[in-house]
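Counting in my numbering, the sequence shown runs from 22 upward without gaps. Here the structure comes first, spelled out in structure tokens, and everything after it is commentary.
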Amino acid sequence: MSGKNMMWVILAVIVVTVGSSAMYYVDEREKAIVFQFGEIVRSNDKPGLHFKAPLINNVKYFDARVQTMDSDPELYLTREKKNLVVDSFVKWRITDAANYYTRLGGLASNARNRLAQRVNDALRSEFGNRSVQQVISGDRVEIMDVVRELTNEETASLGIEVLDVRLKRVDLDPDISERVYQRMEAERSRVAKDLRARGAEAAERIRADADRERAIILAEAEQKAQEIKGQGDAEATAVYADAFNRDREFYRMYRSLNAYRNTFATPDNLLVIEPDSEFFRYFNQASPPSVEPAN
């Protein structure tokens, strides 16, 4: 190869090297900062191909994807001065690469430490203003939203944004939990005993009411039966009296015949009596006396 051709090859290599060093590419999942002699000259370029001064500018890249910071369980004091064990995590990302680099040194570990401190302070404040019941049941979503907003207010200058704060687990301190469970068990036992006592009292009252109603119904039925029987007896007596008054002799004979029938109904009956007794008055007569019509 001649010297002239070699010169062209060297020149082409230099041009390619200089040209490639004058370009840099920003991925959509990254944030980039352009430095010149250690000073930031540009940041937060949009994704795509960009140009810089070769050999003078250099580029640093930072992960702009959503990151998760999983915190260790912490103890927080509620308004009633009760400890709660809280396990939480935070979703965050870099929004301003320049602030992230200057305030945090561009290190994710520094960002996590600052976030953990801010979130911890916000959670401690929110838990301290609420009761255990509010924290466990109704206010969890509100607590997470408030903590996220408070943390963002304090971390915006760090070039990061908190997207979400989640409470994975909120439990009572183990020692307190045991006492709470014992108290709940005692309360449930007391309620169950009270309900059983009320049920027994109600059952006894129902039985007493039923017995009273039964006695009233039987008494009324007995009274009604006696009234009906009395009316029947009165009507029968009236019929007998009317018949007796109409023909007394016939009535006497009729009663005597009934007495004969009842006396001699079975062969075992034995009657010792004089033949001319009044009992055989109609029995001894050859023919019954004439019946006089009633006037």
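C-beta: ideal position from N, C-alpha, C; glycine also.
For residue 50, tell me which candidate among 210, 65 and 138 has the shortest Cα-Cα distance. Residue mapping note: residue 50 aligns to position 29 of the sequence shown, counting from 1. Comparing Cα-Cα distances from residue 50 to each of 210, 65 and 138, the minimum goes to 65.
To test your reading of the DSSP string, which unbroken alpha helix (DSSP H) runs of 4 or more residues are found completely within the region 117-185? 118-125, 129-149 and 161-176
Quick check: the Cα distance between residue 233 and residue 245, rounded to an integer number of angstroms? Along the sequence shown, read from residue 1 onward, the residue named residue 233 stands at position 212. Along the sequence shown, read from residue 1 onward, the residue named residue 245 stands at position 224. The alpha-carbon atoms of residue 233 and residue 245 are separated by roughly 18 angstroms.
Could you check how far apart the C-beta atoms of residue 53 and residue 81 are, in whole angstroms? I think they sit under 8 angstroms. As a first step, residue 53 is located in the sequence shown; it is residue number 32 there, counting from the start. As a first step, residue 81 is located in the sequence shown; it is residue number 60 there, counting from the start. About 7 angstroms; that satisfies the 8 angstroms criterion.
With the cut-off set at 8 angstroms, would you say residue 92 and residue 110 are in Cβ contact? Within the sequence shown, residue 92 is the residue found at index 71, counting from 1. Within the sequence shown, residue 110 is the residue found at index 89, counting from 1. Contact flag set, yes.
Are the region 137-146 and the region 157-168 touching by the rule of at least three beta carbon pairs closer than 8 angstroms? yes
Given 8 angstroms as the limit, is there contact between the region 85-102 and the region 149-161, that is, 3 or more CB pairs closer than that? yes
Put residue 59 into one of helix, strand or coil per three-state DSSP. If you number the sequence shown from 1, residue 59 lands on position 38. The answer is coil: DSSP assigns residue 59 none of H, G, I, E or B.
When you compare each of 115, 108 and 177 to residue 86 by their alpha carbons, which one comes out closest? Locating residue 86 in the sequence shown gives position 65, where the first residue counts as 1. Measuring from the Cα of residue 86, the nearest candidate turns out to be 115.
List the endpoints of the continuous beta strand (DSSP E) containing residue 65. Position 44 of the sequence shown, counted from the first residue, corresponds to residue 65. Where residue 65 is concerned, there is no enclosing beta strand (DSSP E), given that its DSSP letter is neither H nor E.
For residue 77, tell me which candidate among 83, 60, 69 and 70 has the shortest Cα-Cα distance. Translated into the one-based positions of the sequence shown, residue 77 becomes position 56. Cα-wise, what sits closest to residue 77 is 60.
Between residue 140 and residue 204, what straight-line distance do the alpha-carbon atoms span, to the nearest angstrom? The residue given as residue 140 occupies position 119 in the sequence shown. The residue given as residue 204 occupies position 183 in the sequence shown. When rounded, the distance between both Cα atoms is 33 angstroms.
Is it right to say residue 176 is buried, meaning 16 or more other beta carbons lie within 10 angstroms of its own, or is it exposed? The residue given as residue 176 occupies position 155 in the sequence shown. Classification for residue 176: buried.
Beta-carbon proximity check, residue 178 vs residue 211, cutoff 8 angstroms: Along the sequence shown, one-based indexing puts residue 178 at 157. Along the sequence shown, one-based indexing puts residue 211 at 190. No, these two residues do not count as a Cβ contact at 8 angstroms.
Continuous beta strand (DSSP E) stretch holding residue 114: start and end: On the sequence shown, position 93 is the one that residue 114 refers to. 104-115 is the span of the beta strand (DSSP E), which, as asked, contains residue 114.
I'd like the span of the beta strand (DSSP E) that includes residue 84, first residue to last. Your numbering for residue 84 matches position 63 in the sequence shown. Segment 78-84, the beta strand (DSSP E) holding residue 84.
Rounded C-beta distance between residue 69 and residue 121? I'm assuming under 8 angstroms. Walking along the sequence shown from the start, residue 69 turns up at place 48. Walking along the sequence shown from the start, residue 121 turns up at place 100. That pair is no contact at about 21 angstroms.
Could you spell out the range, first to last residue, of the beta strand (DSSP E) harbouring residue 47? Numbered from its first residue, the sequence shown carries residue 47 at position 26. Per DSSP, residue 47 belongs to the beta strand (DSSP E) from 44-47.
Since residue 113 contacts residue 171 with CB under 8 angstroms, what's their CB separation in whole angstroms? What you label residue 113 is simply residue 92 of the sequence shown in a count that begins at 1. What you label residue 171 is simply residue 150 of the sequence shown in a count that begins at 1. About 14 angstroms separates the two Cβ atoms, so there is no contact after all.
Let me confirm a value: residue 107 is counted as buried when at least 16 other C-beta atoms fall within 10 Å, else exposed. Which label applies? Taking the first residue of the sequence shown as position 1, residue 107 is located at position 86. Buried: at least 16 other Cβ atoms inside 10 Å.
Looking only at its own chain, which residues have a Cβ that is under 6 angstroms from the Cβ of residue 192, when we skip the five neighbours before and after it? Locating residue 192 in the sequence shown gives position 171, counting from the first residue. Within the same chain, residue 192 has close Cβ partners 106.
Just how far apart, CA to CA, sit residue 280 and residue 238? Counted from its first residue, the sequence shown places residue 280 at position 259. Counted from its first residue, the sequence shown places residue 238 at position 217. Answer to the nearest angstrom: the Cα atoms are 40 angstroms apart.
Separation of residue 276 from residue 260, as counted between CA atoms: The count along the sequence shown starts at 1 and reaches residue 260 at position 239. The count along the sequence shown starts at 1 and reaches residue 276 at position 255. Using only the alpha carbons, I get a separation of about 14 angstroms.
Length-filtered (3 minimum) beta strand (DSSP E) runs lying within the region 186-246: none
Please report how far the alpha carbon of residue 272 lies from the alpha carbon of residue 258, in whole angstroms. If you number the sequence shown from 1, residue 272 lands on position 251. If you number the sequence shown from 1, residue 258 lands on position 237. Their backbone Cα atoms lie some 13 angstroms apart in a straight line.
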